[in-house]
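Each number in this note's numbering comes from the position in the sequence shown (counting from 1) with 61 added on.
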Amino acid sequence: MTAQRSMSDPTLPQPHHPYKVMAVYKFADLPDAETLKTPLAQFCCNRGIKGTLILAPEGINGTVSGTPEAIDALADFLFASGPFGTRLTGAEVKYSFADTAPFLRMKVRLKPEIVTLRAPEANPSQQVGTYVEPENWNALIERNDVVLVDTRNDYEVGLGTFQRALDPKTESFVEFKDYVAKNLDPARDRRVAMFCTGGIRCEKASSYLLSQGFEEVFHLKGGILKYLETVPEAESRFAGECFVFDERVSVGHGLELGTATLCRACRHPLTPDDRQHADYHEGISCPHCVGDAAKHAAAAERQHQMDLAKKRGASHLGDDAMTDAAERRQAKKARAEQSRLANKLD
């Protein structure tokens, strides 16, 4: 199998867990994405792999899990032996492990883009900004001639960001184009550095800026997650926590479990201060959705059903989901602490 860039070190001993998780993305020319969908879905389903993979003419993006043997076979299928040929060579891949199945079903989805920007001139497979390794990031962003831009959405930025970073205040990545047009000038902003959660949005954003005439564009390789994993907390320029799109909600330095939770009405991430706010009512509302009556009504009904189930001594589906999530969070925290202590002893 062709070696891929990975955020995991394959030389280290691998933990013995029943499920192996693969997160992968690559901008590549896949004009036959529609034809590739069925063989990819069949390959995964035949091996019990579950999760979501997005195919588009511009590449692949997604996260799946299965037995270690199944995921290793999928890697070979994607990068060497399957119908993709060598087009996915050099993909960004991160492997992790889990004790329980992270996903319930397998989906292969066809979309116009793997990261929606709706700007055909942004083509990372043709041109992209300069990658900056996490250990070199601080020196770059501390330069006075560098404009630092957070390409994530407002609710993500609200949990944490780099010092001195500009917040575009976008609700979706599509709005990033308008932000650039109104706030950045290639004649004035000669050097622009950007970052995102894992690196994929920045690749497209950097390609877009280059297409708009910006001369020097940089982006953090591996995103905030790789930075938090690599750079010691004492040297870090990242303040707060990083929002992640799974049950952890957020992570901090060393990728330790964060303190954020999600509002069950609007799904906005909540800090400990948010949960102390007068407009926060557990399971019903938060300061970010206080004016949305429809969301509150649905959340209140869900909370009511959960309360009734508790009084009957029965479990409710939402209650079970919350309990399962809490248990997973505690288990992950315990494993992280055990790993930290073990590393101290080594």
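Glycine residues also receive a C-beta, built at the ideal position from the N, C-alpha and C atoms.
The structure displayed is predicted, hence computed values, not measured ones.
Length of the line joining the Cα atoms of residue i and residue j
| i | j | result |
| --- | --- | --- |
| VAL85 | PHE138 | 13 angstroms |
| TYR216 | GLY190 | 25 angstroms |
| ALA141 | SER233 | 34 angstroms |
| GLY344 | GLY352 | 15 angstroms |
| PHE164 | ASN199 | 36 angstroms |
| VAL176 | LYS265 | 8 angstroms |
| VAL154 | ILE121 | 11 angstroms |
| HIS78 | ASP160 | 5 angstroms |
| ASP206 | LEU281 | 17 angstroms |
| TYR192 | VAL278 | 9 angstroms |
| GLN224 | PRO330 | 20 angstroms |
| ASP385 | GLU276 | The predicted model places ASP385 with a pLDDT of 46, which falls under 50 and marks its position as unreliable; any figure quoted below should be read in that light. Those two C-alpha atoms are separated by around 49 angstroms. |
| GLN103 | GLY151 | 24 angstroms |
| PRO333 | THR320 | 7 angstroms |
| GLN337 | LEU201 | 37 angstroms |
| VAL253 | GLY274 | 12 angstroms |
| GLU317 | CYS327 | 25 angstroms |
| ARG170 | ASP307 | 19 angstroms |
| PHE299 | LYS372 | 45 angstroms |
| ALA94 | PRO173 | 10 angstroms |
| ASP133 | ILE261 | 23 angstroms |
| ASN244 | LEU220 | 23 angstroms |
| ARG204 | THR222 | 17 angstroms |
| PHE237 | THR231 | 7 angstroms |
| LEU114 | ALA339 | 40 angstroms |
| ASN184 | ALA131 | 32 angstroms |
| LEU378 | MET255 | Since pLDDT at LEU378 reaches only 42, below the 50 mark, its modelled position is unreliable, and the value read off the structure follows with that caveat. Roughly 41 angstroms between the two C-alpha positions. |
| THR147 | CYS350 | 47 angstroms |
| VAL427 | CYS303 | No answer is possible for residue 427: the residues shown for the chain start at 62 and end at 407. |
| ASN197 | ASN107 | 43 angstroms |
Cut-off 6 angstroms between Cβ atoms - residues of its own chain near residue i, not counting five sequence neighbours on either side
| i | result |
| --- | --- |
| SER157 | VAL82 |
| ASP250 | VAL208 |
| ALA421 | Since the first residue shown for the chain is 62 and the last is 407, residue 421 is missing from the structure and cannot be characterised. |
| ARG213 | CYS257 |
| ARG401 | For ARG401, the predicted structure reports a pLDDT of 46, less than 50, and the residue's modelled location is therefore unreliable. A value from the coordinates is still provided. Excluding residues within five positions, none has a Cβ falling inside 6 angstroms. |
| GLU182 | SER272 |
| GLY112 | THR124, VAL125, SER126, PHE164 |
| THR291 | PRO195 |
| PRO247 | GLY274, PHE275 |
| LEU101 | VAL169 |
| PRO129 | LYS81 |
Sequence-distant residues of the same chain with beta carbon closer than 7 angstroms to residue i, five excluded per side
| i | result |
| --- | --- |
| HIS314 | LEU289, GLU294, SER297 |
| ASP16 | Beyond the ends of the chain as shown, which are 62 and 407, falls residue 16; an answer cannot be given. |
| VAL235 | THR177, LEU178, ARG179 |
| ALA162 | TYR80, LYS111, SER126 |
| VAL218 | ASP211, ASP228 |
Residue interval of the beta strand (DSSP E) (run including residue i)
| i | result |
| --- | --- |
| GLY301 | 299-301 |
| ILE110 | Taken as a continuous stretch (DSSP letters only), ILE110 belongs to no beta strand (DSSP E), as it is neither H nor E. |
| THR191 | 191-193 |
| ARG252 | 252-256 |
| SER157 | 153-159 |
| GLY221 | 221-223 |
| LEU178 | Premise fails: LEU178 is in no beta strand (DSSP E) and is neither H nor E. |
Proximal residues to residue i (C-beta, below 8 angstroms), its chain only, five neighbours per side dropped
| i | result |
| --- | --- |
| LEU97 | LEU91, LEU116, PRO144, PHE145 |
| SER186 | PHE88, ALA89, ASP90, GLU119, GLY120 |
| GLN188 | SER268, LEU271, SER272 |
Supposed close pair residue i, residue j - CB separation, criterion 8 angstroms
| i | j | result |
| --- | --- | --- |
| GLY123 | GLY109 | Going by Cβ atoms, the distance from GLY123 to GLY109 rounds to 16 angstroms, so no, they are not a contact pair. |
| TYR269 | ALA180 | 5 angstroms |
Residue i vs residue j beta-carbon contact at 8 angstroms
| i | j | result |
| --- | --- | --- |
| LEU135 | LYS87 | no |
| GLY284 | GLY301 | no |
| LEU323 | VAL305 | no |
| MET167 | CYS263 | no |
Range covered by the alpha helix (DSSP H) that runs through residue i
| i | result |
| --- | --- |
| ASN122 | Segment 120-127 is the beta strand (DSSP E) holding ASN122; no alpha helix (DSSP H) there. |
| PHE234 | Segment: none, PHE234 is in no alpha helix (DSSP H) and carries neither H nor E. |
| GLU276 | It is not in any alpha helix (DSSP H) - GLU276 carries neither H nor E in the DSSP assignment. |
| ASP211 | Counting along the chain, ASP211 falls outside any alpha helix (DSSP H), though it belongs to the beta strand (DSSP E) covering 208-211. |
| VAL218 | 215-218 |
| LEU286 | 284-291 |
| LYS81 | Taken as a continuous stretch (DSSP letters only), LYS81 belongs to no alpha helix (DSSP H), being part of the beta strand (DSSP E) at 80-88. |
| ARG170 | Element bounds for ARG170: not the alpha helix (DSSP H) but the beta strand (DSSP E), 167-171. |
| ALA266 | 261-272 |
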